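Just so you know, the sequences run in chain order E and D. Just add 868 to wherever you are in the first sequence, counting from 1, and you've got this note's numbering. Just add 1068 to wherever you are in the second sequence, counting from 1, and you've got this note's numbering. Glycine residues also receive a C-beta, built at the ideal position from the N, C-alpha and C atoms. Treat the numbers as computed from the prediction; the structure is a model and nothing was measured.
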Amino acid sequence: MRYFRDVGALARKDLLLELRARDTLPAMVLFVAAVFVVFHFALPESPSRLETVGLLWVAILFTALLGLGRAFVPEREQRTLDGLVLAPCDRSAIWLAKSLATLAFLAAAEVVALPLYAIFFHRVGGATIAAVVLADIGICAVGTFLGAMAVATRARDLLLPLLFLPLAIPIVVGAVGASVVDSPGRYLGFLALYDALFAVVCWASFEYVVAE
Amino acid sequence: MLVARRLGKRFGEKRVLRGIDLDLATGGFLVVTGPNGSGKTTLLRICAGLAQPTEGTIERAVSRGAIGYLGHEPLVYRELTALENLELYGRLYRIAERRERIGMLLERFGLWEVRHERVASYSRGMTQRLALCRVLLHDPELLVLDEPYNALDEAGAELLDAQLAELRGERTFLLATHEPARLAPFASGRLALAA
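As structure tokens, then:
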């Protein structure tokens, strides 16, 4: 119970920081909207569903990357990670709270992105929405973990995409599969398994990421 | 409270600490001095558990949550208010009667009137006062303070002096400073690091 209180306090802090600074969510929303507008004009008239689903997932992935890249910026700029690491709470609470905050930003961006996709390209079905939910969890769990690793390095802006994109390939495979087949159960199960597996790995090893 | 033997630290090829022996008994007040680049900050970070030595050993008879660490940065969020910052740390440190303790510290360090203002609007001295509130919030057993007088005006420095005098003997202190004369009345020992 205490653990979840710590997570709540840390996640609340991240949401409050974004509410004040507004430097992550607007960028994510503008980016994903711009991608759809550009592709609306760049793609041939009446593109196939398969093509546009691929585009949707590329847009979601890079929008998430934008948020993940900024996730630890307040901690880096103000060195507050030292203060959080010294607190007597479980250090994985920092990862879980940051993942939840990033998930909230990504979900908010998708509230704009999915209707835009439906307007410009094809309607969004229930399977795609389920895939978005499951993919978001995996993206935020893995991305936040890697973001914490990258933030300690000088080449952080380069390192995060380099580490994250290969690990996100299974998410893209599962999500695109779930969005285009008639029976998406297998793909959704695959995404859920990915989420569970990587969430446990990230939760258990975050302690070592923040220890110098 | 703290025992270090043959402590050393390297960052790649660069050696910043070499062969440091340190004994700090409970209730002790050790002042670390030395020129810029002598490794004071690195030593304090190792003692606080924020960095690992590359050579030697260190034993702490204190848990992570009973350490109060003040570094070169105040470790507070600039977009949050003083109250929000201390509330966050108060929750993470599970402080009983958190609100009362926060109020008392903000009053003592002269920040009560500006408690609802964002830290970004504070002067460097006010931010340092807030950092001291953060350090003292959980009533730590071991206080590791790196240049605590930095950016404080004379009134702020006197407040800190009074706080140190009050806690001297009851708590254990490890301080790095360029002003050892100011801390002479409190110090029980001194460790001078060479460049």
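Contact set for residue i: own chain, Cβ-Cβ below 7 angstroms, skip 5 residues either direction
i, result
"E/Leu887", "none"
"E/Phe1066", "Gly1006, Ala1009 and Val1010"
"D/Leu1154", "Ile1170, Cys1201, Arg1202 and Leu1205"
"E/Pro942", "Leu885 and Thr948"
"E/Leu1014", "Leu1028, Leu1031 and Phe1032"
"D/Pro1121", "Leu1075, Gly1076, Lys1077 and Ile1114"
Residues that DSSP places opposite residue i in a beta bridge
i, result
"D/Phe1079", "D/Lys1082"
"D/Arg1186", "D/Thr1149"
"D/Leu1098", "D/Leu1242 and D/Gly1257"
"E/Ala910", "DSSP output for E/Ala910 lists no bridge partner at all."
"D/Asp1214", "D/Ala1244"
"E/Leu924", "In the DSSP output, where bridge partners are listed per residue, E/Leu924 has none listed."
"D/Arg1073", "D/Thr1125"
"E/Ile987", "None; E/Ile987 has no bridge partner."
"D/Arg1236", "D/Arg1239"
"D/Asp1221", "Paired residues: none, contrary to the question."
"D/Leu1090", "D/Ala1072"
Segment limits, beta strand (DSSP E) that includes residue i
i, result
"D/Arg1258", "Gly1257 to Ala1260"
"E/Tyr871", "First-last for E/Tyr871: Arg870 to Ala889, but that is the alpha helix (DSSP H), not the beta strand (DSSP E)."
"D/Arg1286", "Since the displayed chain D opens at 1069 and closes at 1263, residue 1286 of chain D lies outside it and no answer follows."
"D/Ile1135", "Ile1135 to Leu1138"
Chain-order list of residues whose beta-carbon lies under 8 angstroms from that of residue i (same chain, five-residue window excluded)
i, result
"D/Ala1186", "At residue 1186 of chain D the sequence reads Arg, which differs from the Ala that was named. Arg1146, Glu1147, Leu1148 and Thr1149."
"D/Thr1195", "Pro1142, Val1144, Val1187 and Ala1219"
"D/Ala1119", "Lys1077, Thr1110 and Arg1113"
"E/Thr1021", "Leu1027"
"D/Phe1177", "Arg1197, Leu1198, Leu1200, Cys1201, Gly1224 and Leu1227"
Residues of its chain near residue i, where Cβ-Cβ distance is below 6 angstroms and the 5 sequence neighbours each way are ignored
i, result
"E/Gly937", "Leu1028"
"E/Asp874", "Cys957 and Ala961"
"E/Thr996", "Ser1047"
"E/Gly1045", "Tyr1055"
"E/Ala999", "Ala1043, Ala1046 and Ser1047"
Where the alpha helix (DSSP H) through residue i begins and ends
i, result
"E/His1037", "Looking at the sequence provided, one finds Ile at residue 1037 of chain E rather than His. Arg1024 to Val1048 is the span of the alpha helix (DSSP H), which, as asked, contains E/Ile1037."
"E/Tyr1076", "Gly1053 to Val1078"
"E/Ile1005", "Gly994 to Val1019"
"D/Gln1196", "Arg1192 to Leu1204"
"D/Arg1132", "No alpha helix (DSSP H) contains D/Arg1132, which DSSP labels as neither H nor E."
"D/Ala1116", "Lys1108 to Ala1116"
"D/Glu1175", "Arg1166 to Arg1176"
task = Could you list the residues in the stretch 880 to 895 of chain E with a C-beta less than 7 angstroms from some C-beta on chain D, going in chain order?
result = Lys881, Leu884, Leu885, Arg888 and Ala889
query = Got a sec: which bits of the stretch 1078 to 1095 of chain D sit with their beta carbon under 7 angstroms from any beta carbon on chain E, in order along the chain?
reply = none
query = Relative to chain D, which residues along the stretch 948 to 959 of chain E have a C-beta separation below 9 angstroms, given in chain order?
reply = Thr948, Leu949, Asp950, Gly951, Leu952, Val953, Leu954, Ala955, Pro956 and Cys957
request  = Could you name the residues of the stretch 908 to 930 of chain E whose beta carbon sits closer than 8 angstroms to any beta carbon of chain D, in the order they occur along the chain?
outcome  = none
message = Tell me which residues of the stretch 937 to 948 of chain E have at least one Cβ-Cβ distance to chain D shorter than 7 angstroms, keeping chain order.
response = Pro942, Gln946, Arg947 and Thr948
query = In the stretch 1105 to 1121 of chain D, which residues sit with their C-beta less than 9 angstroms from some C-beta in chain E, listed in chain order?
reply = Arg1113, Ala1116, Gly1117, Leu1118, Ala1119 and Gln1120
query = If contact means a Cβ-Cβ distance below 8 angstroms, which residues of the stretch 1022 to 1037 of chain E contact chain D?
reply = none
message = Closer than 9 angstroms between beta carbons: that is the criterion. Which residues of the stretch 1133 to 1151 of chain D meet it against chain E?
response = Gly1133, Ala1134, Ile1135, Gly1136, Tyr1137, Gly1139, His1140, Glu1141, Pro1142, Leu1143, Val1144, Tyr1145, Arg1146, Glu1147 and Leu1148
ask   = Considering only residues of the stretch 933 to 985 of chain E, which uninterrupted beta strand (DSSP E) runs meet the minimum length of 3 residues and lie entirely inside it, listed in chain order?
value = none
key: Near-chain E residues of the stretch 1164 to 1191 of chain D (beta-carbon distance less than 8 angstroms), N- to C-terminal order   = Arg1186
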